[in-house]
Amino acid sequence: MRVTIHQPQFLPWLGYLDKIDQADLFIVLDTVQFKKNEWQNRNRIRTSTGWQWLTVPVLQHFGQCIDDVVINPTAIWKVQHLRALEMHYARAPYIDRYLPQLRELYAAPWTKLSDLNRATVQWLLKAYGILTPVCSASQYVARAEPTHRLIDLCRAVGAMRYLAGPGAERYMDTPQFEAAGIAVETQVFQHPIYRQVYEPFEPNLSALDLLFMQGPDALATLRRTRPMDCRRMAV
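In this text, residue positions in the sequence shown follow this note's numbering: the first is 2, and each later residue adds one.
Written out as structure tokens, the structure is:
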């Protein structure tokens, strides 16, 4: 089994989905520290002037675990997000297909950021047609040190191969994986270029962007730029 593990992101980008698409199981790493001003409570969408953030306001303190971070109940963010999507993607071919589903997702009474993020990830996976199962790290017992944690999670689900993201060597001790009998593979991601609602092309947006533009063909576009050896390993 080939597993990949990543912190829960809000409406994540294409590289995130690409990694999940190449795995047999995706473990949401909800047991690590929340990082402010990163991708755990915000992501980017296309606008006529470039891009803008969609941010989920949270109440958190330094050192808090992602799974414990709560959404600010007094902030008006749902209406703002949906209005921005409706306005900036009004000319996107598939906006009418997916925006009603997003409205339903947003309408739920979200309290914890990790629950919202997992829901947006699973919604995107379903919309793209990515069938990789998803579970949470909090379901298992694992050590706190980063490499030990990943090894423990791989062992817990019976995985012999771990798909890491680019740059993982900065925090992973690869020889420990080898000693544990777990092969480490590194994602090679090449961002697809496609027609957007505005020009010039803006990369690294939420995966919503490609979905709104290409609908059922979005997954084929995502896979098309994958190196041939990685395509053969895709599930």
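We put the CB at the ideal spot given by N, CA and C, even for glycine.
- Message: Helix, strand or coil for residue 119? Go by DSSP, reduced to three states.
- Response: If you number the sequence shown from 1, residue 119 lands on position 118. If DSSP states are grouped into helix, strand and coil, residue 119 belongs with the helices.
- Task: Alpha carbon to alpha carbon, how far is residue 40 from residue 67? Give it in angstroms, no decimals.
- Result: Counting from one through the sequence shown, the residue named residue 67 turns up at place 66. Counting from one through the sequence shown, the residue named residue 40 turns up at place 39. Taking the straight line from one Cα to the other gives about 12 Å.
- Report the residue from 54, 171, 183 whose alpha carbon sits nearest the alpha carbon of residue 81. Numbered from 1 along the sequence shown, position 80 holds the residue referred to as residue 81. Checking every option, the nearest Cα to that of residue 81 belongs to 54.
- Item | residue 182 versus 199, 188, 155, residue with shortest Cα-Cα distance | Here residue 182 refers to the residue found at position 181 when the sequence shown is read from its first residue. For the residues 199, 188, 155, the minimum Cα distance to residue 182 belongs to 155.
- Whole-angstrom C-beta distance between residue 197 and residue 227, which should lie under 8 Å: Position 226 of the sequence shown, counted from the start, is the residue given in the question as residue 227. Position 196 of the sequence shown, counted from the start, is the residue given in the question as residue 197. Not a contact, Cβ separation roughly 20 Å.
- Cβ atoms of residue 133 and residue 35: under 7 Å apart, would you say? Walking along the sequence shown from the start, residue 35 turns up at place 34. Walking along the sequence shown from the start, residue 133 turns up at place 132. Contact flag unset, no.
- Task: Specify, as a first and last residue, the run of the beta strand (DSSP E) that residue 186 falls within.
- Result: On the sequence shown, position 185 is the one that residue 186 refers to. Segment 184-187, the beta strand (DSSP E) holding residue 186.
- Message: I'd like the list of long-range same chain contacts for residue 235, defined as Cβ closer than 8 Å, with 5 residues on each side in sequence excluded.
- Response: On the sequence shown, residue 235 is found 234 positions in, with the first residue counted as 1. Summary for residue 235: the model assigns pLDDT 43, below 50, so the residue's position carries little reliability, and this model does not support an answer.
- Task: Can you give me the start and stop residues for the alpha helix (DSSP H) that residue 175 sits inside?
- Result: Indexing the sequence shown from 1 puts residue 175 at position 174. Unbroken alpha helix (DSSP H) run through residue 175: 175-180.
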